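Residue numbers (the UniProt record's numbering): 1 to 293. Before any comments, here is the structure.
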């Protein structure tokens, strides 16, 4: 079982994967791939040839370029390269996220599956003796119960590829008791029961749980919260995009943690890197995508 981002990076080494960058006029995205070359990766760059060539001269790098004149063209061509097996991972460059995801979800030529797309963050924080998966802080704004089930299935698939045979999933709320005035607590209890009855497989689910008694054995004992997940959660499923976004960023900015992220649920990993992400985070996100591809 993987317990640090360094282990994910080691797992990614030597796989020889190719990353398709949609909108490769984005110098930061190209720099991230250059920095990740030690993992044995290469790239195909989709975008305006003249801009990309100038950036590559500046960066002292050389990658194949496919000339595309619009964001839509670059996104479709990058996705198509993965569908056809010329590349293995799609990465967002200087294109809108919505444009890239439209190409990913194209029924005819995309990477669509029956699953919902959701964001999975993998967080390493000092003081916590394991990696914590946080979902969904980047895609689904306010998931329904049915969408939460699919979000769980996506993150469990990611965790299992990283060696978590039976990951522990905590459905996070402000309280660990069911409160009719807090719908997320009701949905958490329903999903936990679905898991108990075998409707959601390959994981152990409990909820609602507060973040303290999901992560800390001491907090769980003090509050009298029992079960296989309490104090030992590997995966935190948040009630909405806001709480997931805050949780992931607070791990970095308040706790000096490290974070990697991908979009799961497609036929291949999709990397959406923010320009504000540290180079370390970008590197880790690329390594995570490679490890999962």
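All C-beta atoms in this analysis are idealised placements derived from N, C-alpha and C, irrespective of residue type, glycine included. Treat the numbers as computed from the prediction; the structure is a model and nothing was measured.
Chain-order list of residues whose beta-carbon lies under 6 Å from that of residue i (same chain, five-residue window excluded)
i: residue 136; result: 118, 119, 151, 244
i: residue 158; result: 120, 264
i: residue 212; result: 219
i: residue 179; result: 185
i: residue 195; result: 205
i: residue 239; result: 184
Proximity of residue i and residue j at Cβ, strictly below 7 Å
i: residue 43; j: residue 79; result: no
i: residue 311; j: residue 283; result: In the structure as shown, the chain begins at 1 and stops at 293. Residue 311 is therefore absent and cannot be evaluated.
i: residue 258; j: residue 84; result: no
i: residue 285; j: residue 271; result: yes
i: residue 93; j: residue 20; result: no
i: residue 99; j: residue 71; result: yes
i: residue 47; j: residue 68; result: yes
i: residue 172; j: residue 236; result: yes
i: residue 260; j: residue 122; result: yes
i: residue 228; j: residue 193; result: no
i: residue 225; j: residue 146; result: no
i: residue 170; j: residue 209; result: yes
Assigned exposure category for residue i - 16 Cβ within 10 Å defines buried
i: residue 55; result: buried
i: residue 198; result: exposed
i: residue 88; result: buried
i: residue 187; result: buried
i: residue 276; result: exposed
i: residue 287; result: buried
i: residue 14; result: exposed
i: residue 281; result: buried
i: residue 8; result: buried
i: residue 96; result: exposed
i: residue 222; result: exposed
i: residue 154; result: buried
i: residue 81; result: buried
Opposing strand residues paired with residue i [DSSP bridges]
i: residue 264; result: 118
i: residue 206; result: 170
i: residue 133; result: 122, 235
i: residue 65; result: 45
i: residue 20; result: 44, 90
i: residue 259; result: 123
Same chain, Cβ closer than 8 Å to residue i, neighbours up to 5 away in sequence not counted
i: residue 53; result: 65
Helix, strand or coil at residue i according to DSSP, with G and I counted as helix
i: residue 228; result: coil
i: residue 1; result: coil
i: residue 212; result: helix
i: residue 246; result: helix
i: residue 11; result: helix
i: residue 271; result: strand
i: residue 193; result: helix
i: residue 282; result: helix
i: residue 51; result: helix
i: residue 183; result: helix
i: residue 295; result: For the chain, the structure presents residues 1 to 293; residue 295 sits outside this window and is missing.
i: residue 56; result: helix
i: residue 217; result: helix
i: residue 159; result: helix
i: residue 293; result: coil
Chain-order list of residues whose beta-carbon lies under 7 Å from that of residue i (same chain, five-residue window excluded)
i: residue 164; result: 1, 234
i: residue 31; result: 59
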